[in-house]
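Asks: In my numbering, the protein residues as written are 3 to 271.
Think of the CB as a built atom: it goes at the ideal place given N, C-alpha and C, for glycine as much as any other residue.
Keep in mind it's a predicted model, so treat the numbers as computed, not measured.
After the structure tokens below, expect a handful of questions from me.
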Ligand code: ADP
């Protein structure tokens, strides 16, 4: 696997405040990496740097190309960003035309547009919503439409920016499960930038931002085992993860389970 996102000694400051100091982030193609950090640790700033919305001379390499002011278009084609509140992003009156919108602007052929909509709608299980107004959907459905619009453009990387933090637990689990499936099918790279440690469960690697740099970087379950370090960064292991890890240690279950009903089922077996 090759590196698809790399920052090399990334340092960044707003006028007086130093946000990052020599931060080395490296993500391989096809990985799902969660970047977690308390409020103010620089999550949004990192996302803006990776997409060129903020810029300085630090070296950032995306899919083999060094990010520069004159190649932002090429870089941005590789990256799809899903924000938390997509409501005011919708510009059309049906889900179908919403997904088609950017493809139409880019003058894709009608046949190709229809083909992609059909496939994405199937993958995201939103076929029944295609003729509805996206503004009238539930929170989870809206995020699915936003995701569909991005996936239709076939980015190599998806950046999640607190994308599912407004959703309830079940909606969040559903969309992350679906995205996981799509990620495997399409060999997508996912960088989930969030303050919700529970979401780390979907990624194989977990990076904790703290004090202008990376505090821990490792396989998710290994990082979860460093509870004291996590606490230092103001993070607490989610109750269900903690409980599952203990039950797993005693051999009572074989995986981390976030859903209480599912956990009870697994314990009964
Ligand atoms: P997070 O997303 O982890 O909450 P941010 O990247 O939004 O963190 O912010 C990191 C720090 O940078 C915070 O202390 C914030 O106040 C400061 N900051 C964010 N944006 C700006 C800006 N445009 N100008 C000056 N300081 C900023």
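Could you name the residues that DSSP lists as bridge partners for residue 34?
Replies: Bridge partners of residue 34: 192.
Asks: From the DSSP secondary-structure annotation, give me the bridge partner or partners of residue 64.
Replies: According to DSSP, residue 64 bridges with 7 and 67.
Asks: Would you say residue 36 touches the ligand ADP, meaning its beta carbon is less than 8 Å from a heavy atom?
Replies: False, no ligand heavy atom lies under 8 Å from that Cβ.
Asks: Any heavy atom of the ligand ADP within a distance shorter than 8 Å of the CB on residue 211?
Replies: Yes, the ligand ADP has a heavy atom inside 8 Å of this Cβ.
Asks: Using DSSP bridges, identify the partner residues of residue 263.
Replies: BP columns for residue 263 are empty, so no partner.
Asks: Taking 8 Å as the line, does the beta carbon of residue 42 fall inside it for any heavy atom of the ligand ADP?
Replies: Yes; taking the cut-off as 8 Å, the Cβ of residue 42 has a heavy atom of the ligand ADP nearer than that.
Asks: Check whether the Cβ of residue 156 sits closer than 8 Å to any heavy atom of the ligand ADP, and report yes or no.
Replies: No, since every heavy atom of the ligand ADP falls outside the 8 Å radius drawn around the Cβ of residue 156.
Asks: Is residue 24 buried or exposed, if buried means 16 or more other CB atoms sit within 10 Å of its CB?
Replies: Classification of residue 24: exposed, given that the 10 Å Cβ count is below 16.
Asks: Taking residue 84 as part of the alpha helix (DSSP H), name the residues at either end of that continuous run.
Replies: Premise fails: residue 84 lies in the beta strand (DSSP E), 81-84, not in any alpha helix (DSSP H).
Asks: Indicate whether residue 162 and residue 196 have their beta-carbon atoms separated by less than 9 Å.
Replies: Result yes, Cβ atoms of residue 162 and residue 196 sit closer than 9 Å.
Asks: Under a Cβ-count criterion, where at least 16 other Cβ atoms within 10 Å of its own Cβ denotes burial, should residue 43 be classed as buried or exposed?
Replies: When all chains shown are included, residue 43 counts as buried.
Asks: Measuring CB atoms only, is the stretch 93-108 touching the stretch 152-166, in the sense that at least three cross pairs come out at less than 8 Å?
Replies: Touching, yes.
Asks: List, from N- to C-terminal side, the alpha helix (DSSP H) runs of 4 residues or more that fit wholly inside the stretch 75-149.
Replies: Fully enclosed alpha helix (DSSP H) runs of 4 or longer: 97-107 and 112-126.
Asks: Can you list, in chain order, the residues of its chain whose CB lies under 7 Å from that of residue 65, leaving out five sequence neighbours each side?
Replies: For residue 65, where only same-chain residues beyond five positions count, the Cβ hits under 7 Å are 6, 80 and 158.
Asks: Taking only three categories from DSSP, how would you classify residue 2?
Replies: The structure shown has nothing for residue 2, since the chain only spans 3 to 271.
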